[in-house]
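Student: Sequential numbering from -17 applies to the sequence shown in my numbering. For glycine and all other residues, C-beta sits at the position ideal for the given N, C-alpha and C.
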Amino acid sequence: MTIDLANFTPWASLAGGVLLGVAAALLILFNGRVLGISGILGGVLNPTRGDVGWRVALLAGLFVSPLVYRALAPEGFISAPRIDAGFGLIVLAGLLVGIGTRYGAGCTSGHGVCGLSRLSPRSLVATLAFMATGFATVFVIRHLL
-17 MTIDLANFTP WASLAGGVLL GVAAALLILF NGRVLGISGI LGGVLNPTRG DVGWRVALLA
43 GLFVSPLVYR ALAPEGFISA PRIDAGFGLI VLAGLLVGIG TRYGAGCTSG HGVCGLSRLS
103 PRSLVATLAF MATGFATVFV IRHLL
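Below you can see the structure in the form of structure tokens.
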């Protein structure tokens, strides 16, 4: 196994993790809500009166923040992602993730970031299942197919 040092971005990844952690902490401190993207998006698609504004703002931030990063980051810190999959496979993957978040009662951000920090046993099991499935998928795709 080798690390692709041309696309290895530890500082950008660390900064993203810190920002995600700070956002999760601020949301739970000021709004009493867990930062789980699937639940936040679900609340926009099935709205409750007076509960949509913060959800739309957070989701808009998810889309705007890469644009802000691209505008402010030094030239060497920007690299275009490479996706080795066709449109159909990406749509299928998105649908499978959506189904998984419904069955798992949350997504990786809700369970992995917020649930683990609250020492939730259910989130620990869910995160272990996410990780094991990801490892198995990569192994099958790269070594068996």
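How many angstroms separate the CA atom of G70 from the CA atom of F121?
Tutor: For the purposes of this step, residue 70 is identified with residue 88 of the sequence shown, where counting begins at 1. For the purposes of this step, residue 121 is identified with residue 139 of the sequence shown, where counting begins at 1. About 21 Å.
Student: If we count Cβ pairs, one from each stretch, closer than 8 Å, do we get three or more for the region 3 to 11 versus the region 51 to 65?
Tutor: The answer is no - the region 51 to 65 does not touch the region 3 to 11, with fewer than three Cβ pairs under 8 Å.
Student: Would you be able to state if there are at least three C-beta pairs under 8 Å between the region 13 to 23 and the region 85 to 99?
Tutor: Judged by Cβ distances under 8 Å, the region 85 to 99 makes contact with the region 13 to 23, as three or more pairs qualify.
Student: Can V34 and V46 be called in contact, C-beta distance under 8 Å?
Tutor: Here residue 34 is taken as the residue at index 52 of the sequence shown, counted from 1. Here residue 46 is taken as the residue at index 64 of the sequence shown, counted from 1. No, the pair does not count as a contact, with Cβ atoms beyond the cut-off.
Student: Measure the C-alpha to C-alpha separation of A111 and L126 and round it to an integer number of angstroms.
Tutor: Here residue 111 is taken as the residue at index 129 of the sequence shown, counted from 1. Here residue 126 is taken as the residue at index 144 of the sequence shown, counted from 1. C-alpha separation (whole angstroms): 21 Å.
Student: Between which two residues does the alpha helix (DSSP H) holding N13 run?
Tutor: Numbered from its first residue, the sequence shown carries residue 13 at position 31. First-last of the alpha helix (DSSP H) with N13: P(-8) to N13.
Student: At least one CB of chain B closer than 8 Å to the CB of V79: is that the case?
Tutor: Annotation note: the requested chain B is absent from the structure, which comprises a single protein chain.
Student: Using a Cβ-Cβ cutoff of less than 8 Å, which residues in the same chain neighbour V38 once the five nearest sequence positions on both sides are dropped?
Tutor: Within the sequence shown, residue 38 is the residue found at index 56, counting from 1. Counting only Cβ-Cβ distances below 8 Å, and skipping sequence neighbours, we find V26.
Student: Taking Cβ positions, are W(-7) and N13 nearer each other than 8 Å?
Tutor: Here the question's residue -7 lines up with position 11 in the sequence shown. Here the question's residue 13 lines up with position 31 in the sequence shown. No. Outside cutoff.
Student: Any idea if S105 is buried or exposed, counting beta-carbon neighbours within 10 angstroms, 16 or more meaning buried?
Tutor: Numbered from 1 along the sequence shown, position 123 holds the residue referred to as residue 105. Buried.
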